[in-house]
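Heads up, the thing below is written out as structure tokens.
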Amino acid sequence: MNRRTRLFIFNTLFLAVFIFLKGFGQAEKAETCINELMQQSKTVGLAVVVVKDNQLIYTHSFGYKDLESQTPLSDKDLFRIASISKSFTATSILQLVEAKKLKLDADVSDLLGIKVRNPLYPDKVITLKMILSHTSSVNDSQGYFTLDAINPDKNPNWAKCYNTYEPGAGYMYCNLNFNMAGTILEKTSGERFDQYVKHHILDPLGLYGGYCVDSLDQSRFATLYEYKADSGKFVAASGAYAARSVEVANYTMGYSTPVFSPTGGMKITATDLAKYMMMHMNQGKFSGKRIIRKKSARLMQSKIAEKEGYGLAIVTTDSLIAGKTMKGHTGSAYGLYSYMFFQPKEKFGFVVITNGYSSSIPGGLKPFVNCLYEYLVKDH
Numbered sequence: 001m002n003r004r005t006r007l008f009i010f011n012t013l014f015l016a017v018f019i020f021l022k023g024f025g026q027a028e029k030a031e032t033c034i035n036e037l038m039q040q041s042k043t044v045g046l047a048v049v050v051v052k053d054n055q056l057i058y059t060h061s062f063g064y065k066d067l068e069s070q071t072p073l074s075d076k077d078l079f080r081i082a083s084i085s086k087s088f089t090a091t092s093i094l095q096l097v098e099a100k101k102l103k104l105d106a107d108v109s110d111l112l113g114i115k116v117r118n119p120l121y122p123d124k125v126i127t128l129k130m131i132l133s134h135t136s137s138v139n140d141s142q143g144y145f146t147l148d149a150i151n152p153d154k155n156p157n158w159a160k161c162y163n164t165y166e167p168g169a170g171y172m173y174c175n176l177n178f179n180m181a182g183t184i185l186e187k188t189s190g191e192r193f194d195q196y197v198k199h200h201i202l203d204p205l206g207l208y209g210g211y212c213v214d215s216l217d218q219s220r221f222a223t224l225y226e227y228k229a230d231s232g233k234f235v236a237a238s239g240a241y242a243a244r245s246v247e248v249a250n251y252t253m254g255y256s257t258p259v260f261s262p263t264g265g266m267k268i269t270a271t272d273l274a275k276y277m278m279m280h281m282n283q284g285k286f287s288g289k290r291i292i293r294k295k296s297a298r299l300m301q302s303k304i305a306e307k308e309g310y311g312l313a314i315v316t317t318d319s320l321i322a323g324k325t326m327k328g329h330t331g332s333a334y335g336l337y338s339y340m341f342f343q344p345k346e347k348f349g350f351v352v353i354t355n356g357y358s359s360s361i362p363g364g365l366k367p368f369v370n371c372l373y374e375y376l377v378k379d380h
């Protein structure tokens, strides 16, 4: 080995060590920032993932998986991610559109087999695209855990499920929209909703999780905690991972679908959610697997409800990180809060999930995202 070769090897190793130490120092700064925010907001546990250029560049779990046992949160723990689940449902629907089994302008009434019409606009068709973009004029006032809520043959107050604006002309976030979408997916594909998502999204991407709570490793569930402001205490939300074995045993295809909560029932780790996010960041493809076509991915990420920035279960926002247009979704249920946001052109993104916090910091999980951006992405 000559002197020039030795010098090249030395310089390469020195540069690698320098980059590693610099990255380690930035991670320490990010963790200090995160820990300070957790103390201010009394956060129980927090899982974070940062992606850059299609790589997981940082993953970390802070705090507790379970307060009673003082079990630390780990990267292998599963969360019920709430409304980020909607994007899995919309992605599945787009797959069926690509297969020419569905059309986005199809009448939801025809797809469901029940009358879905705003009584103030009886001749206006409510389309599949409308329910996926929350522009259907449907609301949750009659509940959303069963489609009987909107069925005129089942609920005498069905008309209250509709707002006063014309379908397609306004926006209201509505969970019933996505339980209808999940039911349509099931009726059209012939596969039970949870199994469709597993077979056509999770398995191809090599992800562990799903909508069927009874099919997952119960020991990996992060306990979700609701904060009670009057007592200043956290209370475990027993319903977050309630067994559904009885409902599944008596399941009726194309009717019982809300049992799995297409609107909010996905259980997954923060790391696997980040891999799924990268699929959307790369317009439908990740790790050599194409889940949806580029055209479908672009449509999901477009602003159908212009003012609100909502597309097909993907929202566009300029308010998360200053100067950056981010795309993704949030979730909140049973005390959990979740963020999944990415920048498609610059190829970076974040997953942040907490299993309980006091909400005492304005902006939800935005300050946590900005910590990660400042120390691990910006100028790096």
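Following the UniProt record's numbering, the numbering of the sequence shown begins with 1 at its first residue and continues without gaps.
Built from N, CA and C at the ideal position, the CB exists for glycine as well.
1. Just to confirm before moving on: does the CB-CB distance between L104 and T188 stay below 7 Å?
2. Please confirm if the region 131–142 is in contact with the region 154–173, defined as three or more CB-CB distances below 8 Å between the two stretches.
3. Let's test the definition: count the other Cβ atoms within 10 Å of the Cβ of I150 and tell me whether it reaches 16, buried, or not, exposed.
4. Report, in whole angstroms, the separation of the C-beta atoms of M277 and G349, which I expect to be a contact under 8 Å.
5. Apart from the five residues on each side of it in sequence, which residues of its chain come closer than 7 Å, Cβ to Cβ, to L207?
6. Rounded to the nearest angstrom, what separates K29 and E306 at their Cα positions?
7. Give me the Cβ distance between K327 and F342, rounded to the nearest whole Å; I'm assuming they're in contact under 8 Å.
8. Per DSSP, which one or two residues make a beta bridge with P72?
9. So, at 7 Å on beta carbons, what are the nonlocal neighbours of V377 in its own chain, with the 5 sequence-adjacent residues on each side left out?
10. Taking C-beta to C-beta, are A159 and P122 nearer than 7 Å?
11. Whole alpha helix (DSSP H) runs in the region 275–342 with 4 or more residues, listed along the chain?
12. Would T354 and L112 qualify as a contact pair, given that the criterion is a beta-carbon distance under 7 Å?
13. Expressed to the nearest angstrom, what Euclidean distance is found between the alpha-carbon atoms of L102 and I93?
14. Thinking C-alpha only, which one of P362, A99, E374 and F79 is nearest G209?
15. Can you tell me the Cα-Cα spacing of K294 and Q283, whole angstroms?
16. Rounded to whole angstroms, how far is the Cβ of S245 from the Cβ of K42, which I believe are closer than 8 Å?
17. In chain order, which alpha helix (DSSP H) runs of at least 4 residues are fully inside the region 196–284?
18. According to DSSP, is G190 helix, strand or coil?
19. If you drop the 5 nearest sequence neighbours on each side, which residues of the same chain put their C-beta closer than 6 Å to that of Y144?
In brief:
1. no
2. The region 154–173 and the region 131–142 touch, with three or more beta-carbon pairs separated by less than 8 Å.
3. buried
4. 5 Å
5. I268, D272, K275 and Y276
6. Distance between K29 and E306, taken at the CA atoms: about 37 Å.
7. 6 Å
8. Y64
9. V50, K52 and F348
10. Their beta carbons are not under 7 Å apart, which means A159 does not touch P122 by this criterion.
11. 294–300
12. no
13. So the alpha carbons of these two residues sit roughly 8 Å apart.
14. F79
15. 5 Å
16. Contact flag wrong, Cβ pair sits at about 35 Å.
17. 245–249 and 270–281
18. Here G190 sits in coil by DSSP.
19. N175, L176 and N179
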